[in-house]
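Protein chains in written order, with my numbering: chain L, 44 to 250; chain X, 44 to 250. Glycine is no exception: its CB is placed at the ideal position from the N, C-alpha and C atoms. Since the structure is predicted, the reported quantities are computational estimates derived from the model, not experimental observations. Input: a single structure, listed below in structure tokens.
Structure follows, in structure tokens:
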């Protein structure tokens, strides 16, 4: 089976999951932390070299405070969990904003946990316009995420068939695999199915 | 039904269609011209304001000459057909290359055919790196396709679930609808199904 080197993860559907459980919209994010850790373990086992997780975006922070605090705290807790594993973490996002959690600032340069190994990129208070330096039609001069490699496979939970601003440059040639289940309902079979599907796709890189 | 304002078209599968018919790989492109015109008529009827067609890319021109000439000629013929309709054509691509057909140069500024109306953008010898001005990690200073608006819905024929470098900035929030049939097998029902699906999606633009 052909294993992707770099997988992008869009863990969507937390709010719809919470509503379906009779919770407030903010009630889903805390249930998205352990799925992320499970996924990391499975991917490490499979030999995947790099993963990028979509944490939250600048646009997301315009939501009600109770939701914003919930997804922001979930990101902080996810990093706490990861810090007990072997990984090389890089957090990418707009740090010049009160929305960026202070405790995550040390990780905006690549940071080794344990024995290192798998690269984990985590988009926190990210924005594609920020990434491209886009402002009134002018772009550049450098991609903020130039340390992030090309993504082979993007997996999105929650049924939407779109990238929603996820790393537009690294995703130009990515295959997009969509899972209808909401992210807090993550099952290992999701990732096995995604990789089996990916291994049957051709790789042309635009050629 | 909610109608998208701007649709992106990735007419893939021409070579696989040709092989399935026992033709050489170059034999499909000529059968992709009339489908494009049919699609234009249907979308105009539906009130869609803008369409962008993926013609060919700089990467595609590295293919064998017989294929390159076939897809290049198909693009020229498609413009000849469109010139008898009402449309506002803008061709976007790298003109400073022998691969860009000379006869298409007049259309690299927006050009009105007949009574004008629907905007048609046509990517010819396009490259996402060219679009972003990307060179050795430096980007900018301006997006080459800044006259092209945000795309609501990208429809891809030929079964691949990827954007393949198609307007990365305008596609950040696009919904992606994939049709397994090859492009030369276009049927009007494809576009009706795509728009019906699109009309059931939510529009968050990252929010």
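Any chain L beta carbon closer than 7 Å to residue i
i, result
"residue 95 of chain X", "no"
"residue 189 of chain X", "yes"
"residue 186 of chain X", "yes"
"residue 194 of chain X", "no"
"residue 108 of chain X", "no"
"residue 182 of chain X", "yes"
"residue 228 of chain X", "no"
"residue 215 of chain X", "yes"
"residue 55 of chain X", "no"
"residue 71 of chain X", "no"
"residue 208 of chain X", "yes"
Within chain A, partners of residue i - CB distance below 9 Å
i, result
"residue 218 of chain X", "This model lacks chain A altogether, as its protein chains are L and X."
Residues that DSSP places opposite residue i in a beta bridge
i, result
"residue 178 of chain X", "X:181"
"residue 197 of chain X", "X:51, X:219"
"residue 225 of chain X", "For residue 225 of chain X, which the question treats as bridged, DSSP gives no partner whatsoever."
"residue 133 of chain X", "X:164"
"residue 169 of chain X", "X:100"
Best match in the options for proximity to residue i [C-alpha to C-alpha]
i, options, result
"residue 126 of chain X", "X:156, X:112, X:50", "X:156"
"residue 174 of chain L", "L:138, L:146, L:249, L:149", "L:138"
"residue 61 of chain L", "L:44, L:50, L:86, L:114", "L:114"
"residue 118 of chain X", "X:95, X:109, X:147", "X:147"
"residue 46 of chain X", "X:154, X:81, X:86, X:250", "X:86"
"residue 133 of chain L", "L:116, L:187, L:56, L:141", "L:187"
"residue 208 of chain X", "X:224, X:193, X:172", "X:172"
"residue 80 of chain X", "X:116, X:121, X:49", "X:121"
"residue 230 of chain L", "L:82, L:64, L:57, L:67", "L:82"
"residue 252 of chain L", "L:107, L:225, L:70", "A query on residue 252 of chain L cannot be resolved here, the shown segment of chain L reaching from 44 to 250 and no further."
"residue 178 of chain L", "X:194, X:150, X:189", "X:189"
"residue 111 of chain L", "L:130, L:88, L:144", "L:144"
"residue 88 of chain L", "L:54, L:123, L:161", "L:161"
"residue 194 of chain L", "L:130, L:66, L:246", "L:246"
"residue 250 of chain X", "L:151, L:197, L:249, L:104", "L:104"
"residue 225 of chain L", "L:102, L:50, L:55", "L:55"
"residue 59 of chain X", "X:98, X:70, X:101", "X:70"
"residue 251 of chain X", "X:152, X:130, X:196, X:123", "With chain X represented from 44 up to 250, any question about residue 251 of chain X goes unanswered, as that position is not in the structure."
"residue 109 of chain X", "X:149, X:90, X:67, X:128", "X:67"
"residue 98 of chain L", "L:57, L:131, L:130, L:63", "L:57"
"residue 216 of chain X", "X:64, X:124, X:90, X:248", "X:248"
"residue 158 of chain X", "X:129, X:200, X:124", "X:129"
"residue 150 of chain L", "L:123, L:198, L:50", "L:123"
Where residue i sits in the DSSP three-state scheme
i, result
"residue 236 of chain X", "helix"
"residue 100 of chain L", "strand"
"residue 87 of chain X", "helix"
"residue 93 of chain X", "strand"
"residue 59 of chain L", "helix"
"residue 155 of chain X", "strand"
"residue 191 of chain X", "coil"
"residue 122 of chain L", "helix"
"residue 78 of chain L", "helix"
"residue 114 of chain L", "helix"
"residue 242 of chain X", "helix"
"residue 147 of chain X", "helix"
"residue 68 of chain X", "helix"
"residue 108 of chain L", "helix"
"residue 231 of chain X", "helix"
Proximity test, Cβ basis, 7 Å: residue i and chain X
i, result
"residue 211 of chain L", "yes"
"residue 173 of chain L", "no"
"residue 250 of chain L", "yes"
"residue 104 of chain L", "no"
"residue 160 of chain L", "no"
"residue 100 of chain L", "yes"
Distance cut-off 6 Å: residue i Cβ against heavy atoms of the ligand GDP
i, result
"residue 127 of chain X", "This structure simply doesn't include the ligand GDP, nor any ligand for that matter."
Assess contact between the segment 69 to 85 of chain L and the segment 219 to 227 of chain X, defined as three or more Cβ pairs (one per stretch) separated by less than 8 Å. Is contact present? Contact between the segment 69 to 85 of chain L and the segment 219 to 227 of chain X is absent: fewer than three C-beta pairs spanning the two stretches fall below 8 Å.
Meets three-Cβ-pair contact criterion under 8 Å: the segment 225 to 244 of chain L and the segment 208 to 216 of chain X: Not touching, per the Cβ criterion.
For the structure I just gave you, are there three or more beta carbon pairs, one from the segment 194 to 207 of chain X and one from the segment 150 to 167 of chain X, closer than 8 Å? The answer is no - the segment 150 to 167 of chain X does not touch the segment 194 to 207 of chain X, with fewer than three Cβ pairs under 8 Å.
Could you say if the segment 239 to 248 of chain L and the segment 89 to 97 of chain L meet the contact criterion of at least three C-beta pairs nearer than 8 Å? Taking 8 Å as the limit for Cβ pairs, the verdict is that the segment 89 to 97 of chain L does not touch the segment 239 to 248 of chain L.
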